[in-house]
Amino acid sequence: MTGPFAFLILSCDMSTHPAARVRFAPSPTGYLHVGGARTALFNWLYVRRFGGQFLLRVEDTDRARSTDESTRAIFEGLEWLGLGWDEPVVYQGANLERHRADVKTLLDAGLAYRDFTSQATLDARRADAQARGEIYKYRREWAELPLHEEEQRLERGDPYVVRFRVPDESGVTEWDDLVHERIAFPNKDVDDFVILRSDRTPIYNLAVVSDDIAMGVTLVMRGDDHISNTPKQIMLYGALGRPLPRFAHLPMIHGLDGKKLSKRHGATAVGDYQHEGLLPHAMLNFLALLGWSPGGDREVMSLTEMIELFSPEGLQRKAAIFDPKKLEWMNGQHMSMMSLSDLEPVVTRAIVASGLATAESLAERHDWYLRLVDLLRVRARVVDDIVRQAAPYLARDIEYDPEAVAKQWKDRNANLTLLTATRDALLGVTSWEATTLEAELRSLADRHGIGGGKLFQPLRVALTGLTVSPGIFDVLVMQGRDLALHRIERAIDYLSGLVDS
RNA sequence: GGCGCUAUCGUCUAGGGGACUAGGACGGGGCCCUCUCAAGGCCCAAACACGGGUUCGAAUCCCGUUAGCGCUACCA
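Residue numbers (the numbering used here): 1 to 501.
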C-alpha cells in the first residue's frame, strides 16, 4: 500500500517499530554491570518484540584494560539472564585492519589528518588554556604544518595520531533520538577528535562506527553517557558515506545516593545476584522497570509479557536509582509466581551446593521435596532463604538457636513436662496428617489449661531449633513421624541435661 | 568553566491541556488473620523543584532560574 493512507496508518500506530539489527557492545574491563545488563535487555527486548537480530560485540581495543576473564564474566552473565545473541560474537580487536582501512579512506579524502603534536605539548596547551579560563579545542591550522614537512616527518618515522576534521564549523549535527526528542550539537563545540592512536590502533568512536557499519547495525541503543559521542559518530558516518542508524540513549542507573552506580553501592555485578540466589527473570523484570514502563500499573511480568509489552515509547529519560529492596521483593513475587517445576531445579542446585543433601536423595522423595519447596518459598525472598529454611527437614540433627532456647525454653521443668506429654500424645497418633495432629495437640493444650501457642512454640524449637518456621502441623507432617519424634526425644534429653546440672 | 541531558511521594513510576481531591508499586507506620515468621487483606503518612508566560483552564505546552547527572583523553 502506498500514498496518504499508508502514511496515516503508520503514523497512528505508535507501538509499531521496524525490525532492527541491534548490538550490545560491552568493554571487557570488569564484570557484567547491572547497567550493562539492562542495556542488553532493552536491545534484546526490542528485537524479540519487533524483529531483527541481537548482536554481541566485545570492545577490546583497549588492550591494557581488557581481560579474558572479564569477557567470560560478560558471557556468563548474559547466559544466566537468558539474553542470547543471534550471531557469533564479534571481537573489536580482530577488526584492526578494517579500522585502519577506514582511517586511510578518511585520510586520502582529506577528511582526516595526521597530527604530530606530542602529548606533552597537548597537555601544556590544555593547562595554558585552563589557566586563562578558556577551553582548549583542537583544530588544525593549515599554516601550522606545511605538506613537505609532514612528508619529512613521516619519512623520519615521527609518531603521530590521526584526527578527524570536524566539517562545517558553522553547522549543527543533530538526530532524532528514540528516547529523547531531537538532540543537537553545534559543530564548533566538537573537537577534531583522534581516530587513530600513535601506535596505529583505533580509538573508540572510529572503531564503533566502522564495526556498526560492517555489522549492519540499524539501531544503536546504549547508555546516555554516549550522547556526546553521537555527533562525532554521525560525522564519521557522513564522511564514510554510509547511512545513519537510529539512536536511542538510555538513562543511567544510580546508587541510593544518586551517584553513578559503583562498587561502593554494594553488589553491582550481575554475578553477585546470581550467587545470592536471585532468579534471572526477576532480575530482568526489575531491571526493565528501571527506565521503562509498560504504562498503567503493570509491574510484575513474565518474560513473555515483557516482550509483548515492550516499546521504546515507554522508555524513561531520567536516571533511575537502583533499589535492592524492591529487587528482593520482585524476586519473591517471581518465586511464588513461577511453577514449582521451574523453581525446583534452581533450589536443588543451591541445596546441593550447600551440602545439605544430594540431588539423588531429593529425587528419591520427589513429591515430598516439591511440597517442601512449596511450603518454604512463601516466606523466602531469595533462593538461599529456602536453603536456610530447608535444613530442619533434610538434616538428621539440628543445632538450637541460643535465642530460641532463651526465649521459648525458659522454664525448663515446665517445658520438659510439656514435651514429654507431647511425645506421648504423638506416639498415640495413628494418622500422621495435619488435621489429626492439630486436633490431638490442641486437645493436649486444653488438658494442660494453656493456649495453643504455649505448646507450639517450645515444640517448634524442639523440631527446628528456631523460633520461626512454617505452621507447626506442616512441620510435623514434612518431617514425618520418625524424624519429628527423634527431634522431640533429643530436646527432652537436652532439657534433662540442663535440669541435672 | 564549556557543551549536553534530566526534573511527579524517600525510591521505581502512571499521567501527555479539563476525567487530579495527582493513581499504582517498593520501603515505612497501623490494623486484621494467626502457633511463630512470612504470605495475604484493609488503612495511614508521603510528590507535580522554583519563577514567569500561553490558555477560559497547566503536573501536562513555551521561556527562564535552580539543582542533579553525563561528557569534556592517544578510555570505552
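Note that CB positions come from ideal geometry on N, CA and C, so glycine has one too.
The shortest C-alpha to C-alpha distance from residue 337 to any of 312, 359, 315, 303 is the one to 303. Approximately 6 Å separates the beta-carbon atoms of residue 320 and residue 251; this is inside 8 Å, confirming the contact. Counting the other Cβ atoms within 10 Å of the Cβ of residue 148 gives fewer than 16, which makes it exposed. Shown here for residue 276: same chain residues with a beta carbon closer than 6 Å to its own, the five before and five after excluded, namely 382 in chain order.
If you draw a straight line from the Cα of residue 254 to the Cα of residue 72, it is about 25 Å long. Per DSSP, reduced to three states, the secondary structure at residue 137 is coil, with no helix or strand assignment.
Taking each of 488, 447, 445 in turn and checking the Cα distance to residue 464, the smallest one comes out for 488. The Cβ-Cβ distance between residue 460 and residue 477 does not fall below 9 Å. Where residue 112 is concerned, the enclosing beta strand (DSSP E) starts and stops at 112-115. According to DSSP, residue 250 shares a beta bridge with 223.
Residues of the same chain with a CB within less than 8 Å of the CB of residue 323, apart from the 5 flanking positions on each side, are 256 in chain order. A Cβ-Cβ contact shorter than 9 Å links residue 57 with residue 215.
Non-local C-beta neighbours of residue 281 in its own chain, meaning closer than 6 Å and more than five positions away in sequence, comprise 303, 334, ordered along the chain. Per the coordinates, the alpha-carbon of residue 20 lies some 13 Å from the alpha-carbon of residue 244.
The beta carbon of residue 386 sits closer than 7 Å to those of 347, 373, 376, 377, 380, all from its chain and outside the five residues before and after it, given in chain order.
Listed in chain order, the alpha helix (DSSP H) runs fully inside the stretch 147-172 are 147-156, counting runs of at least 4 residues.
Burial check for residue 366: the Cβ neighbour count within 10 Å stays below 16, so the residue is exposed. The stretch 452-459 and the stretch 392-400 do not touch, with fewer than three beta-carbon pairs separated by less than 8 Å.
In this structure, the beta-carbon distance from residue 370 to residue 344 falls below 9 Å.
For residue 176, the three-state secondary structure derived from DSSP is strand. Taken through DSSP and simplified to helix, strand or coil, residue 33 comes out as strand. When C-beta atoms of the stretch 165-174 are compared with those of the stretch 203-215, fewer than three pairs fall below 8 Å, so the two segments do not count as touching.
Contact annotation: the stretch 228-235 touches the stretch 178-191, with at least three C-beta pairs closer than 8 Å.
Residue 32 counts as buried, since no fewer than 16 other beta carbons sit within 10 angstroms of its beta carbon. Secondary structure at residue 195: strand, using DSSP grouped into helix, strand and coil. In the displayed model, residue 409 falls within coil according to three-state DSSP, outside both helix and strand.
Among the bridge pairs identified by DSSP, residue 90 is matched with 57. In the structure shown, the three-state DSSP call for residue 184 is strand. Taking residue 95 as the centre and dropping the five residues before and after it, the same chain places the C-beta of 207, 210, 211, 214 closer than 8 Å to its C-beta, in chain order. Under DSSP, residue 24 shares a beta bridge with 56.
Within 10 angstroms of the beta-carbon of residue 70 lie 16 or more other beta-carbons, which makes it buried. With 16 or more neighbouring CB atoms inside 10 Å of its own CB, residue 331 falls in the buried class.
If you ignore the 5 residues before and after residue 217, its C-beta comes within less than 6 Å of the C-beta of 21, 23, 245, all in its own chain and listed in chain order.
As DSSP reads the structure, residue 269 sits in a beta bridge with 33. Straight-line measurement puts the Cα of residue 182 at about 6 Å from the Cα of residue 175.
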